[in-house]
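Just so we're aligned: 225 in the numbering used here is position 123 of the sequence shown, and the numbers increase by one with no gaps anywhere.
Here's the structure, in structure tokens; my notes come after.
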Amino acid sequence: MGIKIFGGHLASISNAFTNAFIAQQAGYLLQGSGTPDAWLGGTSLIDATNWTWTDHQPFTFANWANSSAVKEHTCTAIGLANGLWMSDDCFETKPYICLIDSNVATTTTTLPQTTTPTPTFRD
Numbered sequence: 103m104g105i106k107i108f109g110g111h112l113a114s115i116s117n118a119f120t121n122a123f124i125a126q127q128a129g130y131l132l133q134g135s136g137t138p139d140a141w142l143g144g145t146s147l148i149d150a151t152n153w154t155w156t157d158h159q160p161f162t163f164a165n166w167a168n169s170s171a172v173k174e175h176t177c178t179a180i181g182l183a184n185g186l187w188m189s190d191d192c193f194e195t196k197p198y199i200c201l202i203d204s205n206v207a208t209t210t211t212t213l214p215q216t217t218t219p220t221p222t223f224r225d
């Protein structure tokens with residue numbers, strides 16, 4: 103996944119505000135695409151009875167559409183119109199929502215300063 107090179111990961115959601123914000127922004131960006139939902143980083147691949155975030159954040163908030171939405175598949179998608187979550191087949195093609203840490207260290211290279219003398223013209 104290309105987001106890892108930027109220090110990113112699939113989104114984890116820890117509260118209702120973040121959930122609403124992500125659904126609203128993703129819905130706006132994907133407006134007109136016909137896409138009803140997008141991937142989040144929630145998964146039950148490791149333990150079918152326990153949902154976890156792929157970035158290892160605590161799974162302390164959930165916004166499942168209904169109780170059967172939790173049990174059907176092993177990856178989490180968010181509905182862009184309503185912010186409700188559903189589980190889906192991890193191999194389905196969907197847009198994905200990523201978070202990129204703004205504190206990721208970057209490196210800069212300082213180039214040596216050079217000067218070029220200005221030519222002089224004589225009459």
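Glycine is no exception: its CB is placed at the ideal position from the N, C-alpha and C atoms.
Being a predicted model, the structure only gives us computed values, none of them experimental.
CB-CB under 8 Å to residue i, same chain, minus the five flanking residues each way: which ones, in chain order?
i: Ser-116; result: Gln-159, Pro-160, Thr-162 and Phe-163
i: Leu-132; result: Ala-140, Leu-182 and Pro-197
i: Leu-147; result: Thr-176, Cys-177 and Cys-192
i: Asp-157; result: His-111, Leu-112, Ser-114, Gly-143 and Leu-201
Kindly indicate which residue of the options has the alpha-carbon position closest to the one of residue i.
i: Asn-154; options: Leu-112, Glu-194, Gln-133 and Gly-185; result: Just to set this straight, residue 154 is Thr in the shown sequence, not Asn. The shortest Cα separation from Thr-154 among Leu-112, Glu-194, Gln-133 and Gly-185 belongs to Leu-112.
i: Ile-180; options: Pro-214, Ile-105 and Gly-143; result: Gly-143
i: Gly-129; options: Phe-223, Leu-182 and Ser-189; result: Leu-182
i: Ser-189; options: Pro-214, Asn-152 and Asp-203; result: Asn-152
i: Ile-107; options: Phe-223, Cys-200 and Pro-214; result: Cys-200
Is residue i helix, strand or coil by DSSP?
i: Ile-199; result: coil
i: Leu-142; result: strand
i: Thr-120; result: helix
i: Gly-104; result: helix
i: Gln-159; result: coil
For residue i, list the residues DSSP reports as bridge partners.
i: Leu-131; result: Paired residue(s): none; Leu-131 is not in a bridge.
i: His-111; result: Leu-201
i: Thr-154; result: Thr-145
Going by beta carbon distance, what residues of the same chain come within less than 7 Å of residue i, once the five residues before and after it are set aside?
i: Asn-165; result: Asn-121, Gly-185, Leu-186 and Trp-187
Only counting the same chain, and skipping five residues up and downstream in sequence, which positions put a Cβ closer than 6 Å to that of residue i?
i: Glu-174; result: Ser-189
Query raised in the report: Mind pulling the alpha helix (DSSP H) runs of 4 or more residues that sit fully within the region 163-192?
Result: 169-173
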